[in-house]
Amino acid sequence: MGKEGESNNVVEQQQQPLPSPSKFPLSFWEATMASTVALVFVMGIFCVYLTMPDSDYSFLKLPRTLQELQLLRDNLESYTSDYTAQVLVGYCVVYIFMQTFMIPGTVFMSLLAGALFGVFKGVALVVFTATAGASSCYFLSKLIGRPIIFSLWPDKLKFFQSQVAKRRKGLLNYMLFLRLTPTLPNTFINFASPIVDVPYHIFFLATVIGLIPAAYVTVKAGLALGELQSVGDLYDFNSIATLFLIGIVSVTPTLLSKNES
């Protein structure tokens, strides 16, 4: 048989078909676990709220437009200087919660980090919270994710599973490529990785390193928040081309080693 036959057997074993989902994605135990995790985040946000001074906090809501984000930034600027710890903890809890449960809008949170804390602190904050949120999503998916992801993204899951199986030897480079480029949505990568057996240490390293370029672009844009007309202005052709170039460089060693073998 030789090495080629053995590698084919390994790929076949790693590409075993995933089980079909039930009509209702979650069992009672799985739904209870997800609800418990959500409750912990809600309690964390409430504890932060209790430490803030009495005031009108009607402006505190997840921004869905740039106008809402600018209003939130304007109101939080004064609090950030006087209640830095509370704002930081509240920001982290909200961002990690959104990442854990795949709630859209983290791009607005990244812009807010730049507007409130500047480029370097903002990038560090975004990379930390995004990595923590992605890790939280990874472990939650490990517990309850299989039926959900098979219901939501069956075709993407099969594609991702086959790619991971083929690139097992250079998996870190491949995961870096995915993080650096918009090939697959980050929310999908977070939720699907444990299902297709991406080891956590590889998932973690690829997330920490791979999110830095996009975080820098977004956080820097937050400094000039008033000049943005739409979220689409964040990623022009040059920005996307640069991210793809970095992603191609990251995956090149894997492609070269594959050709040599």
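Take 1 as the starting number for the sequence shown in UniProt numbering and just add one per residue. Built from N, CA and C at the ideal position, the CB exists for glycine as well.
Tell me whether residue i is buried or exposed, calling it buried when 16 or more other Cβ atoms sit within 10 Å of its Cβ.
i      : result
Phe160 : buried
Cys47  : exposed
Ser135 : buried
Tyr91  : buried
Pro147 : buried
Ser55  : exposed
Ser22  : Because the pLDDT at Ser22 is just 45, under 50, the model does not fix this residue reliably, and the point stays unresolved.
Met102 : buried
Leu157 : buried
Gly210 : buried
Thr187 : buried
Gln229 : exposed
Phe117 : buried
Pro19  : Unreliable positioning characterises Pro19 in this predicted model, as indicated by a pLDDT of 47, which lies under 50. A coordinate reading is not provided.
Gln67  : exposed
Could you give the residue range of the alpha helix (DSSP H) that holds residue i?
i      : result
Gly118 : Run containing Gly118: none; DSSP gives neither H nor E here.
Pro154 : 154-166
Tyr200 : 200-210
Gly44  : 28-50
Throw me the rounded Cβ distance for the residue i and residue j pair, which I believe falls under 8 Å.
i      : j      : result
Gly226 : Leu111 : Between Leu111 and Gly226 the Cβ distance is about 11 Å, and since that is not below 8 Å, they are no contact.
Val127 : Ala31  : Actually they are not in contact, since the Cβ atoms of Val127 and Ala31 sit about 32 Å apart, beyond 8 Å.
Ile149 : Val93  : Ile149 to Val93, Cβ: 25 Å. No contact.
Gly105 : Leu62  : 6 Å
Phe97  : Phe41  : 4 Å
Val164 : Val208 : The Cβ separation is near 19 Å, so there is no contact.
Leu172 : Ile195 : With a Cβ gap of about 18 Å, Leu172 and Ile195 do not count as contacting.
Lys220 : Val87  : With 8 Å as the limit, Lys220 and Val87 do not qualify as a contact, their Cβ atoms being about 20 Å apart.
Tyr95  : Thr129 : 4 Å
Phe191 : Ser141 : 5 Å
Met33  : Leu205 : Met33 to Leu205, Cβ: 27 Å. No contact.
Phe59  : Leu72  : 6 Å
DSSP three-state label for residue i, please.
i      : result
Pro63  : coil
Leu184 : coil
Met102 : coil
Ile149 : helix
Gln70  : helix
Asp82  : helix
Leu228 : coil
Pro213 : helix
Tyr57  : coil
Gly122 : helix
Ile144 : helix
Ser135 : helix
Ile195 : coil
Pro21  : Low confidence applies here, because Pro21 scores a pLDDT of 46, under 50, leaving its location unreliable; read the following figure in that light. Coil, per DSSP.
Does at least one heavy atom of the ligand GDP sit under 7 Å from the Cβ of residue i?
i      : result
Thr181 : Although the ligand GDP was asked about, the structure shown includes no ligands whatsoever.
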